[in-house]
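Enquirer: Quick one: the structure is below, questions incoming.
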Amino acid sequence: MTTLRHEPFLDIARQREADRLGMVVFLASEAMLFGALVMGLLALRTFQPAPFAAASERLNLLAGSVNTAVLLTSSLLVAIGAEARALNRNRLATWMLGIAALLGIAFLIIKGREYYQEYGEGLMPGAGPYQDFGSPGARMFMDGYFVATGLHAFHVLVGVAMLAGCAWRLRRSDPPSKVGIENVGLYWHLVDVVWVFLFPILYLSR
Amino acid sequence: MSRAGLHDASREEAAPLRTPAEAQSYLNDGNSLRSWLLTTDHKRIAILYLTSITGFFAIAATAAAMMRLNLLTPQGALLTAEGYNRAFTMHGVIMVWFFLIPSIPNVFGNFLIPLMIGARDMAFPRLNLASWYIFMAGGLFTLAALIFGGVDTGWTFYTPLSSTYANGNVVLALTAVFIAGWSSILTGINFIVTIHKLRAPGMTWGRLPLFVWTHYATALILVLATPVLTVTLLLVAAERLFGLGIFNPALGGDPLLFQHLFWFYSHPAVYIMVLPAMGVVSELVPAAAHKKLFGYWFVAYSSLAIALVGFLVWGHHMFVSGQSMYASTVFSFLSLVVAVPSAIKVYNWTATLYKGSIALNAAFLFAMGFIGLFVMGGLTGLMLALLAIDVHVHDTYFVVAHFHYIMVGGAVTAYLGAMHFWWPKMFGRMYNEVWGRISAVLVFIGFNVTFFPQFLLGYMGMPRRYHEYPPEFQTLHVLSTGGAGLLGLGYALPLIYLLYSLRHGEPASANPWKATGLEWTVPSPPPTHNFEDTPIVVREPYDYPLSHDSSIA
Numbered sequence: 000m001t002t003l004r005h006e007p008f009l010d011i012a013r014q015r016e017a018d019r020l021g022m023v024v025f026l027a028s029e030a031m032l033f034g035a036l037v038m039g040l041l042a043l044r045t046f047q048p049a050p051f052a053a054a055s056e057r058l059n060l061l062a063g064s065v066n067t068a069v070l071l072t073s074s075l076l077v078a079i080g081a082e083a084r085a086l087n088r089n090r091l092a093t094w095m096l097g098i099a100a101l102l103g104i105a106f107l108i109i110k111g112r113e114y115y116q117e118y119g120e121g122l123m124p125g126a127g128p129y130q131d132f133g134s135p136g137a138r139m140f141m142d143g144y145f146v147a148t149g150l151h152a153f154h155v156l157v158g159v160a161m162l163a164g165c166a167w168r169l170r171r172s173d174p175p176s177k178v179g180i181e182n183v184g185l186y187w188h189l190v191d192v193v194w195v196f197l198f199p200i201l202y203l204s205r
Numbered sequence: 000m001s002r003a004g005l006h007d008a009s010r011e012e013a014a015p016l017r018t019p020a021e022a023q024s025y026l027n028d029g030n031s032l033r034s035w036l037l038t039t040d041h042k043r044i045a046i047l048y049l050t051s052i053t054g055f056f057a058i059a060a061t062a063a064a065m066m067r068l069n070l071l072t073p074q075g076a077l078l079t080a081e082g083y084n085r086a087f088t089m090h091g092v093i094m095v096w097f098f099l100i101p102s103i104p105n106v107f108g109n110f111l112i113p114l115m116i117g118a119r120d121m122a123f124p125r126l127n128l129a130s131w132y133i134f135m136a137g138g139l140f141t142l143a144a145l146i147f148g149g150v151d152t153g154w155t156f157y158t159p160l161s162s163t164y165a166n167g168n169v170v171l172a173l174t175a176v177f178i179a180g181w182s183s184i185l186t187g188i189n190f191i192v193t194i195h196k197l198r199a200p201g202m203t204w205g206r207l208p209l210f211v212w213t214h215y216a217t218a219l220i221l222v223l224a225t226p227v228l229t230v231t232l233l234l235v236a237a238e239r240l241f242g243l244g245i246f247n248p249a250l251g252g253d254p255l256l257f258q259h260l261f262w263f264y265s266h267p268a269v270y271i272m273v274l275p276a277m278g279v280v281s282e283l284v285p286a287a288a289h290k291k292l293f294g295y296w297f298v299a300y301s302s303l304a305i306a307l308v309g310f311l312v313w314g315h316h317m318f319v320s321g322q323s324m325y326a327s328t329v330f331s332f333l334s335l336v337v338a339v340p341s342a343i344k345v346y347n348w349t350a351t352l353y354k355g356s357i358a359l360n361a362a363f364l365f366a367m368g369f370i371g372l373f374v375m376g377g378l379t380g381l382m383l384a385l386l387a388i389d390v391h392v393h394d395t396y397f398v399v400a401h402f403h404y405i406m407v408g409g410a411v412t413a414y415l416g417a418m419h420f421w422w423p424k425m426f427g428r429m430y431n432e433v434w435g436r437i438s439a440v441l442v443f444i445g446f447n448v449t450f451f452p453q454f455l456l457g458y459m460g461m462p463r464r465y466h467e468y469p470p471e472f473q474t475l476h477v478l479s480t481g482g483a484g485l486l487g488l489g490y491a492l493p494l495i496y497l498l499y500s501l502r503h504g505e506p507a508s509a510n511p512w513k514a515t516g517l518e519w520t521v522p523s524p525p526p527t528h529n530f531e532d533t534p535i536v537v538r539e540p541y542d543y544p545l546s547h548d549s550s551i552a
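Chains as they are written, first to last, in numbering that gives the first Met the number 0: chain A, 0 to 205; chain B, 0 to 552.
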């Protein structure tokens, strides 16, 4: 079993507090990463509301809504998983995190199908059989859409890997601590929250 | 001060190869390359940063030397127009992201924050090492961009030049800065968590050295501003690689959006460079005056105020970019506001000196150089914040001179001050004090001779980034190049006498400057674990005069 307490800390409780704070500060940084894109989209909507709405109209609202439900559900499972770990019900925690990771993969598959559909409809900037945006503003909307959702999808991918890793380690003799799982959970909730902002901005501004 | 460190040939011979403190220090805790490259000791990581950024400084300074030599004659003495563009781009990119931003935080912040707050290491030692590797990976991309022919966009990567028109290795350079940004973010997280969670018993927020306060403010900027640059560079790279058009007006994009995003990071980045420098000066001034720092809380909170207001002034880079007059007016006002906390600090340092018994040592001379040059840079910054003057001197040498007074006159001078102040602590040896003073004076004079003429050139209308100029500007350009030579000498000298001191310098005592602060209570150089027992802090910071060399601040 590896040592739990690391060098600079004199007691484990303080180390756990530090781990938590480190994750929170990192998430603040991540929020600024997406914040820049959100502000860019906000500026576009302010200056060119009509093309923005027209482009938003052409996104697949059903796929976006299903994905919202998928991500919110997986976030719930991660929260339950962390509580299960706190109660030492590691088997339950493994299941919860494992299913959450699978939901993350489901999100990516749905997103991928959406991208493919947009590719076919000429909505992917610089790629596809033809380009059909209708207006320069709509093209910029699609630029922003692909960068924001692409960056988000990358975060989903990282989150899935972390959840799967946690689920895997829970089955072994040195399972991750509650704070460890909560930190992964916090990251996953951020991925979730970013989507909660992106979804209405991109899909519902029609 | 004592005469320790003064040149004395007879004693120099007697300098021992290895003192007892050195034998037990972090420097001798394993001598293999592996023990250095896989270390998680914050002090060793600081030394890794010190050596690597010295290398980057040399490369970027070479680029600057080429520019200055080129400008000796009106038609350009050395470089083609294209070569000149590549030289100033490399100079800017490397100096900003691979020297100035990591300089004081990653070398002295890493080394000193745990020592100053009574901790054994940073909160996340492995993350700390990882951030050095990430930084070096970014550095390798920069070197690759340089070796494959360079970049000609300027360090600002303005679109649509960088996204559509520029040839050269723009994507490599963007990747380099992108990667270095992650190193910044990890360092920022480490600082914030360390300062929150690893302070020794009794080390309350009101007892933190101001060096730690300014690094806290810096870390906030690192964590909150850097990701905006990251995503901006990502967008430019996506535009070059995949044909996205976010900044391309032909495709519905908005080049001005790039400037907004870029300066949202890059103006706070100026405070990433100068806040740590202010922290250094806040330590050097009370130590030299042997007096309590005047107005502790004003200096502490003004750091946070600078970090906060610094986020709201980016539009002053865009007064002539066609942003609305109302936006410009607000940004102009906020840019004047951010000068207030900076001025508070300068007044407080000056008030600290009043009636002090001042030791005119090398470190203090560098600190004085900082104050003088920073005031010049700050006051011209106020001029530039005013709309009417900015329209007149925008993109001229006036701007170049202004930000060099802040970044080089301010940050680099403070970096050298820190080097002279903490060198005995880091390596356990005293350097030659006389040479230290000579180089402090050389840097101050050389700097002014280099950059003051550039204020005049700019006011007369010499635009920045031109490789040739009308003949009537030649005198001032030659003066500036001559000053650069002096400045270069001032920077090269410390490299020689500091390295010489490693082997031949007199061993340093634990507290050679009779300064307060926990770092002066441990041996020079410190042992790997910093403190044998966790210190308990019972006194206020800067509690001068010291009753005893080893009394705890």
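Think of the CB as a built atom: it goes at the ideal place given N, C-alpha and C, for glycine as much as any other residue. Nothing here was measured: the structure is a model prediction, and the numbers come from that model.
Could you spell out the range, first to last residue, of the alpha helix (DSSP H) harbouring B:G408?
Expert: First-last for B:G408: undefined, no H or E at that position.
Enquirer: Out of A:G143, A:V178 and A:V155, point me to the one whose CA is closest to A:L189's CA.
Expert: Of A:G143, A:V178 and A:V155, the residue nearest in Cα terms is A:V155.
Enquirer: In the structure shown, what three-state DSSP assignment does B:R206 receive?
Expert: Looking at B:R206 - three-state DSSP - the assignment turns out to be helix.
Enquirer: For B:M121, which residues in chain A fall below 7 Å Cβ to Cβ?
Expert: Neighbours of B:M121 on chain A, chain order: P7.
Enquirer: Taking just the CA atoms, how far does B:Q322 sit from B:G251?
Expert: So the two alpha carbons sit approximately 18 Å from each other.
Enquirer: Interface residues of chain A around B:K196 at Cβ under 7 Å?
Expert: Going along chain A in sequence order, the residues near B:K196 (Cβ under 7 Å) are R13, E16, A17 and L20.
Enquirer: Whose C-beta lies closer than 6 Å to the C-beta of B:T533 among residues of the same chain, with five residues either side of it excluded?
Expert: Excluding sequence neighbours, B:T533 sits near A199.
Enquirer: Here's a check: name, in chain order, each residue in its chain whose Cβ is nearer than 7 Å to the Cβ of B:A3, leaving out the five neighbours to either side.
Expert: With a pLDDT of 48 at B:A3, under the threshold of 50, the modelled position of this residue cannot be trusted; read the value that follows with caution. Same-chain partners within the cutoff: M429, E505 and P511.
Enquirer: Which one or two residues does DSSP pair with B:R428 in a beta bridge?
Expert: Paired residues: B:P506.
Enquirer: Count the other CB atoms within 10 Å of the CB of B:L37; is the residue buried (16 or more) or exposed (fewer)?
Expert: Under this definition B:L37 is an exposed residue.
Enquirer: Which residues in chain B sit within 9 Å of A:E29, going by Cβ to Cβ distance?
Expert: Here the neighbours are P226.
Enquirer: Determine the chain B residues that contact A:G143 at a beta-carbon separation under 8 Å, and present them in chain order.
Expert: Here the neighbours are I245.
Enquirer: Identify whether B:G117 lies in helix, strand or coil by the three-state DSSP scheme.
Expert: Note: B:G117 maps to coil in three-state DSSP.
Enquirer: Grab the span of the alpha helix (DSSP H) containing B:K344 for me, first residue to last.
Expert: Per DSSP, B:K344 belongs to the alpha helix (DSSP H) from A338 to L352.
Enquirer: How would you label B:E467, buried or exposed, when you count the other beta carbons within 10 angstroms and need 16 or more for buried?
Expert: Exposed: under 16 other Cβ atoms inside 10 Å.
Enquirer: For A:T1, does the three-state DSSP call read helix, strand or coil?
Expert: Confidence is the limiting factor: at A:T1 the pLDDT is only 45, short of 50, which leaves the residue's position unreliable and the question unanswerable from this model.
Enquirer: What does A:F25 reach in chain B if we use C-beta pairs closer than 7 Å?
Expert: Ordered by position in chain B, the residues that pass the 7 Å Cβ test against A:F25 are I188.
Enquirer: Within the 8 Å Cβ cut-off, does B:T155 reach chain A?
Expert: No, because no Cβ of chain A sits closer than 8 Å to the Cβ of B:T155.
Enquirer: What number of angstroms, rounded off, separates the C-alpha of B:R43 from the C-alpha of B:D28?
Expert: Distance between the alpha carbons of B:R43 and B:D28 is about 10 Å.
Enquirer: Taking C-beta to C-beta, are B:D151 and B:T527 nearer than 8 Å?
Expert: No, they are not a contact pair.
Enquirer: On a Cα-Cα basis, can you pick out the residue from A:L185, A:V195, A:A27 and A:A54 that is closest to A:D131?
Expert: The candidate whose alpha carbon is nearest that of A:D131 is A:A54.
Enquirer: Could you give the residue range of the alpha helix (DSSP H) that holds A:G143?
Expert: Here the alpha helix (DSSP H) through A:G143 covers P135 to L169.
Enquirer: Give a yes or no on whether 8 Å exceeds the smallest Cβ distance from A:T1 to chain B.
Expert: Low confidence applies here, because A:T1 scores a pLDDT of 45, under 50, leaving its location unreliable and the question unanswered by this model.
Enquirer: Restricting to runs no shorter than 4 residues, where is the alpha helix (DSSP H) found entirely within the segment 71-104 of chain B?
Expert: Complete alpha helix (DSSP H) runs here, min 4: 80-92.
Enquirer: Per the contact definition of three or more C-beta pairs closer than 8 Å, is the segment 405-417 of chain B in contact with the segment 15-35 of chain B?
Expert: In short, these stretches do not touch, since the Cβ pair count stays below three.
Enquirer: If you measure from the beta carbon of A:P124 to each beta carbon in chain B, is any gap under 8 Å?
Expert: Yes, because at least one Cβ of chain B sits closer than 8 Å to the Cβ of A:P124.
Enquirer: Can you tell me where the alpha helix (DSSP H) with A:E113 in it begins and where it stops?
Expert: Unbroken alpha helix (DSSP H) run through A:E113: N89 to G119.
Enquirer: Could you tell me which whole beta strand (DSSP E) segments of length 3 or greater appear in the segment 255-300 of chain B?
Expert: Within the segment 255-300 of chain B, no complete beta strand (DSSP E) run reaches 3 residues.
Enquirer: So the alpha helix (DSSP H) B:V390 belongs to, where does it begin and stop?
Expert: That run of the alpha helix (DSSP H) goes L386 to V392.
Enquirer: Count the other CB atoms, across all protein chains shown, that sit within 10 Å of the CB of B:W204; report buried if there are 16 or more and exposed otherwise.
Expert: Looking at its Cβ environment, which holds fewer than 16 other Cβ atoms inside 10 Å, B:W204 is exposed.
Enquirer: Can you give the beta carbon distance from B:F310 to B:P275, rounded, assuming they're within the 8 Å contact cut?
Expert: Rounded, the Cβ-Cβ distance is 17 Å, inconsistent with contact.
Enquirer: Leaving out five residues before and five after B:V440 in sequence, what residues of the same chain have Cβ atoms less than 7 Å from its Cβ?
Expert: Once the five neighbours on either side are set aside, the close Cβ partners of B:V440 are L364.
Enquirer: If you draw a straight line from the alpha carbon of A:L75 to that of A:A100, how long is it in whole angstroms?
Expert: Near 12 Å, if we compare the C-alpha coordinates of A:A100 and A:L75.
Enquirer: Could you name the residues of chain B that A:A42 contacts, counting a contact when the two beta carbons are closer than 9 Å?
Expert: Near A:A42 (Cβ distances below 9 Å), the residues of chain B are D253, L256 and H259.
Enquirer: Considering Cα atoms alone, identify which of B:A514, B:L219, B:L173 and B:N168 is closest to B:T193.
Expert: B:T193 has its Cα closest to that of B:L219, out of B:A514, B:L219, B:L173 and B:N168.
Enquirer: Mapping DSSP to helix, strand and coil, what is B:T515?
Expert: Coil, per DSSP.
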